[in-house]
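Participant:
There are 4 protein chains.
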Amino acid sequence: MNIALIGYGYWGPNLLRNFSSVNGCTAHTLCDARPERLTLAQKIYPTLNVTTNIDDVIANKNIDAVVIATPVFSHYPIAKKALLAGKHVLIEKPMTSSVKEAEELIEIADKHNRVLMVDHTFLYTSAVEKMKSLIEAGDIGNLKYLDSTRINLGLFQPDVNVLWDLAPHDVSICDYLIADKPVSVQATGISHTNNGIENIAYLTLNYQSNFIAHFNCSWTSPVKLRQMLVGGDKKMISYNDMEASEKIKIYETGYEIKSEEDKTKILVDYRTGNIFIPKLETNEALKGMANDFVQALINNTKPRCDAQLGLRVVKVLEASQESIKNNGKEVKIK
Amino acid sequence: MNIALIGYGYWGPNLLRNFSSVNGCTAHTLCDARPERLTLAQKIYPTLNVTTNIDDVIANKNIDAVVIATPVFSHYPIAKKALLAGKHVLIEKPMTSSVKEAEELIEIADKHNRVLMVDHTFLYTSAVEKMKSLIEAGDIGNLKYLDSTRINLGLFQPDVNVLWDLAPHDVSICDYLIADKPVSVQATGISHTNNGIENIAYLTLNYQSNFIAHFNCSWTSPVKLRQMLVGGDKKMISYNDMEASEKIKIYETGYEIKSEEDKTKILVDYRTGNIFIPKLETNEALKGMANDFVQALINNTKPRCDAQLGLRVVKVLEASQESIKNNGKEVKIK
Amino acid sequence: MNIALIGYGYWGPNLLRNFSSVNGCTAHTLCDARPERLTLAQKIYPTLNVTTNIDDVIANKNIDAVVIATPVFSHYPIAKKALLAGKHVLIEKPMTSSVKEAEELIEIADKHNRVLMVDHTFLYTSAVEKMKSLIEAGDIGNLKYLDSTRINLGLFQPDVNVLWDLAPHDVSICDYLIADKPVSVQATGISHTNNGIENIAYLTLNYQSNFIAHFNCSWTSPVKLRQMLVGGDKKMISYNDMEASEKIKIYETGYEIKSEEDKTKILVDYRTGNIFIPKLETNEALKGMANDFVQALINNTKPRCDAQLGLRVVKVLEASQESIKNNGKEVKIK
Amino acid sequence: MNIALIGYGYWGPNLLRNFSSVNGCTAHTLCDARPERLTLAQKIYPTLNVTTNIDDVIANKNIDAVVIATPVFSHYPIAKKALLAGKHVLIEKPMTSSVKEAEELIEIADKHNRVLMVDHTFLYTSAVEKMKSLIEAGDIGNLKYLDSTRINLGLFQPDVNVLWDLAPHDVSICDYLIADKPVSVQATGISHTNNGIENIAYLTLNYQSNFIAHFNCSWTSPVKLRQMLVGGDKKMISYNDMEASEKIKIYETGYEIKSEEDKTKILVDYRTGNIFIPKLETNEALKGMANDFVQALINNTKPRCDAQLGLRVVKVLEASQESIKNNGKEVKIK
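Below is the structure:
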């Protein structure tokens, strides 16, 4: 499989490095409008084809798949062109700027029977994989809540707010861990700039089941926090991505609602117990993602973060933006 | 000044101990419906008068002031009786179950010229005092946000939700630190019990100025967190109440919005710098609160957490409850 | 059993409180040369007998046992008097100022068939009990080393050096955990005062087996550390007494020496794995110690920290002092 | 200046990368006995000359300086050859296996007027530079002690013990920070292998002044610790190299010995105060070291870690080994 990468900015070099080392594919062509970026890449990969023109990529029959790592607003037009030209497509997160765009891409991919996948790298980290396997094994019990904080002093984005920038990580993790899907969102936030783009935002996801998810995102925190709590009725997990090795802690902590006939006298059983810190593998997550894409191309397998997952994340983001603009009112997810 | 304490449950012993040692007052009488609680107290304070009947306290002309540490729903009727009987009143937080009750108590107190105060103990901790003095000195600059997390595996309350239980601490701290007052709230949450009382809740406060406050409260976290960030445009403060001594960290971190003529190209200046951990005094906060009340009685000074502050906290709580019940819609604070 | 406490300084109040609540004994008499200390105690314990004269305690036939919490140099003469008068004796750590004194006390206690015990409170903490049970169950494997750091900004003692002040805790824990006993010590240190009493000291214990123990003690550290590592060939334990609840961490970390025929090419197998943080009970250690003493009086059981353990600790301290004075030379323990 | 690197093992690639980017020199030739290592290097540096024969390097008149990153035992013969051939020499730490070797190299370098330097990289970290500047500015006061812990689950070295492997870092930092030089050492340790090479060791350095340094080194710890305390009579520094950004903490903690006429009654004044965490630059230390060497070649400046510093470190290591073999007895440093 010959793969072309479009966009060689912040994340592009990581993608190129990984697609260069994954079995079953060749990093065939790199496309970026800036010639100096192409020169830089060729120093490391002397045999790489380069071009400043996307259409060269689209027209090249030898290219089987395209990886799109450009700014969000351009995901849709590039992916559409590539799909229509019969190429498989991997898009950086978030998938598109709107639900409409994402749905159209899925429709095209389905019609042409092409793989369409979104790079939600965090789903391939050993920490998230460990949480997933614990939940699937039933160790955590019925899930009750997910609470996420992802804040730091971050680069203010000129075109998208802090939720579009930071929340895709945690919303995709939530989507992956929880079988149930959100029915509505509420979001609040503030913009400290004139352009009205929120640099601090808070997002709540509601579910038909008895589950709630909350996301705290900020570009204006003096400390860098990446903390997530996932609570079940058997055990609870703390996931701290800033820890070097002890990222996941599993708490034998829980509560059980006993007799509730009389609503004025609920009886709750509390449990606290041992804590377990599993050893995590040190695989590079991005390599796992790249490999998942290549396997989908070769073996027609369903990738972990397929276009449907990417779409669900965009649905949450679009709804959250509508909620913020409407003072936090509940917005249904279609 | 002779002081009577009504209610000798979880917090009562702390109040009694502190009012026994504060200058200018005498812990005169203890009232609790449970005789065994009275016996317990008399072992430590042999000269203390005790009664199971609140009316004994109200009727006693020797008693100048009453401290009310009973369940929330009874704050209003007891305080009203005491004020009407000409006594000064200190109420445990939250002041009352409703804005209406709180406003009526304030009216009565004003009419009878009595001191009415609410015990928001945290305002007397050296950590909060340090934050206050830094903000007042202008060290932090214009305040931009406050973000608070107060979660742990906590006792489910049968009558009030987690916001009424935990948020008064942080909302009162916010009220004390920020000169501006909130104009509206949005709140979301979930109840994992049949009685519909939220055990997890999220609260956003909006202000006319460019400031936002957010509160994350839970009775169902495996880890106990008490973290607050206060961001200004000069510096930012992290307040971790779980730290033994290094509770406050001041970050020379900030950002400045430069040219904003062209809204599509904002220019932000980021600063990160040294961190400063001030030494905090080890005074007992509750003693400071007790002393503040006694000084108000003796010298007619305005206490730090006067009834107006108590009322503002109840306004936030009442509005937040209305918002949760209305799926997070914005509720104005009158 | 009627118990008299001699010495009501820093630790005395804790002893009195615990012996007042342990079953099977009565806190009968308190003795301290300072009348104001006696008055203080009587406020809390109105029925307690008090005296400023030790001989009153010794002569009182109603007193079965004496608890000695006076400065170290006076342990021996008081304990001797009490034992000769037929009383059981509990002594604060360290047992005596010299091996000779400790041995004589043991001889007298044996001759008069009295219980003689030393208060090494740490052996009754749930953290140390957990380590002991793990080691005894074979979970840790053959023990290879113990490494302890106990440093803080501490009160310079006028009569004993930092090892006599701080090391008894860790040396007694080591003695309790490790079946083998040390054969020699080396110690180094420094005195930053004119009186030549070391405020920083380092102690190594050597064993006939392949085990080593090291103790780092200081009164002049800006941070308070209480850290211990215990390494076995199966697992390793980290014990951090400054942690509120997660004091003990068990690491599935180890190494195994494979082929060693050729000494120039050793082959070591390394393992790192999961980490386990056991929930610890929150019992008060001192109450367990007091109870152990009372049980020894009543049921003639062997207490956990009997006089032999107390003696072994003093042997280490005396040898370490000799080693420091001789520039770190190895001193055999008899 | 043309530079040749001899040895392309663990550290070699870092040296080559840095000497390739430092101004004023060219990475001219790489020498390693393993051809596959040379091939690897040429992939990244296509114009690099390579050879498996050291004598090629020595004989090449175009090479001005040699960087030696081979196993310790070979430092001396290679450096000697290079110096005698008129080349400047940079040696990886520790400088040599013996004091005799180091002294002979210094003699040759002096005679031939060549630069001889040792790569103690840590001296160029921003953390150590910050400590140095604080000490030189007098902020810390008179230095009283340095206490270092460098432990982890590390590779057992087949030829040198854990002190030769780990202590050079901390001994060189100590040498750099403290103007005074040690007069004697005591060391203890244990070997858990048959070959008698210590995997745990403890080292004390004694000084004529009232200063003491202690080093705790282990290859068999379940946790990785790199902690150092430096105590002065004004302030104290904690240096934790495992922290991502808050490596250095400066404590306004101290003690002052007041009246000491009567040695039985010392009077100590304790101070605890604020803590300050300076922002550290994020320069790569190794680049600073490489640059220091090149500056010494070009401008004849004295490098920070010149051969005399390298020699002093070897003196400490050799003496410590003698002390361990003699059961911890004090060994003078010549």
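Chains as they are written, first to last, in numbering that gives the first Met the number 0: chain A, 0 to 333; chain B, 0 to 333; chain C, 0 to 333; chain D, 0 to 333.
Even glycine gets a Cβ: it sits at the ideal position worked out from N, Cα and C.
(1) In terms of residue numbering, what span does the alpha helix (DSSP H) encompassing Ser322/C cover?
(2) What residues match up with Ser147/D in a beta bridge as DSSP calls it?
(3) Determine the closest residue to Val315/D out of Arg303/D, Ile332/D, Ile57/D, with distance taken between C-alpha atoms.
(4) How many Å lie between Lys180/C and Leu310/C at the Cα?
(5) Let me make sure I understand the geometry here. Which of Asp169/A, Tyr75/A, Ser20/A has the alpha-carbon closest to that of Glu283/A?
(6) Please compile the residues from chain B whose C-beta is within a distance smaller than 7 Å of the C-beta of Thr271/D.
(7) Answer with yes or no whether the minimum CB distance from Phe275/C to chain A is below 8 Å.
(8) Output yes or no for whether 8 Å exceeds the beta carbon distance between Gly8/D and Tyr123/D.
(9) Looking at Leu162/B: is its Cβ nearer than 8 Å to the Cβ of Ser319/B?
(10) In this structure, does DSSP put Ser220/B in helix, strand or coil?
(11) Could you pull out every unbroken beta strand (DSSP E) segment of at least 3 residues lying fully inside the segment 35–106 of chain B, listed in chain order?
(12) Kindly indicate the opening and closing residues of the alpha helix (DSSP H) around Ala200/D.
(13) Using a C-beta to C-beta distance shorter than 8 Å, which residues of chain D count as neighbours of Gln185/C?
(14) Where does Asn22/A sit, in a helix, a strand or coil, going by DSSP?
(15) Rounded to a whole number of angstroms, what is the C-alpha to C-alpha distance between Ser322/C and Asp169/D?
(16) For the beta strand (DSSP E) holding Tyr238/A, just list the boundary residues, first then last.
(17) Since Lys131/D sits in a beta bridge, which residues does DSSP pair it with?
(18) Specify the secondary structure class of Tyr175/A as computed by DSSP and reduced to three states.
(19) Return the CA-CA distance between Ser244/D and Thr281/B, expressed in angstroms with no decimal places.
(20) Measuring straight from C-alpha to C-alpha, what distance separates His27/D and Asp63/D?
(21) Are Lys234/C and Glu251/C touching if we call contact CB-CB under 8 Å?
(22) Output the distance between the C-alpha atoms of Ile150/A and Asp164/B, rounded to the nearest integer angstrom.
(23) For Leu279/B, write down the residues that DSSP places opposite it in a beta bridge.
(24) Please list the partners that Ser220/A has in chain B, where partner means a Cβ-to-Cβ separation under 8 Å.
(25) Can you find a CB in chain B that lies within less than 8 Å of the CB of Lys143/A?
(26) Using a 10 Å radius around the Cβ and a threshold of 16 neighbouring Cβ atoms, would you call Gln207/D buried or exposed?
(27) Tell me the rounded alpha-carbon separation between Lys60/D and Arg303/D.
(28) 8 Å is my cut-off, CB to CB: does Thr69/D come that close to chain C?
(29) Kindly list, in the order they appear in chain B, the residues whose Cβ is closer than 9 Å to that of Tyr9/A.
(30) Identify every residue that forms a DSSP beta bridge with Leu115/C.
(31) Can you give the Cα-Cα distance for Val56/B and Thr50/B, rounded to whole angstroms?
(32) Just checking my contact of Cys24/A with Ile2/A at CB under 8 Å: how many whole Å lie between their CB atoms?
(33) Between Tyr75/C, Ile249/C, Cys30/C, which has its C-alpha nearest Asn48/C's C-alpha?
(34) Apart from the five residues on each side of it in sequence, which residues of its chain come closer than 6 Å, Cβ to Cβ, to Arg36/A?
(35) When you compare the segment 75–90 of chain C with the segment 107–126 of chain C, are there three or more beta-carbon pairs, one atom per stretch, that lie closer than 8 Å?
(36) Quick check on Ile196/C: buried or exposed, where buried means 16 or more other Cβ atoms within 10 Å of its Cβ?
Facilitator: So, from the data block:
(1) 306–324
(2) Phe214/D, Met227/D
(3) Ile332/D
(4) 12 Å
(5) Ser20/A
(6) Lys278
(7) yes
(8) no
(9) yes
(10) strand
(11) 48–50, 64–67, 87–91
(12) Element bounds for Ala200/D: not the alpha helix (DSSP H) but the beta strand (DSSP E), 199–206.
(13) Gln185, Thr187, Asn326, Gly327
(14) coil
(15) 25 Å
(16) 235–239
(17) Its beta-bridge partners do not exist; DSSP assigns none.
(18) helix
(19) 29 Å
(20) 10 Å
(21) yes
(22) 26 Å
(23) In the DSSP output, where bridge partners are listed per residue, Leu279/B has none listed.
(24) Asp146, Leu228, Gly230, Met235
(25) yes
(26) exposed
(27) 27 Å
(28) no
(29) Per Cβ cutoff of 9 Å: no residues; Tyr9/A is ~16 Å from chain B at best.
(30) Val88/C
(31) 8 Å
(32) 5 Å
(33) Cys30/C
(34) Tyr7
(35) yes
(36) buried
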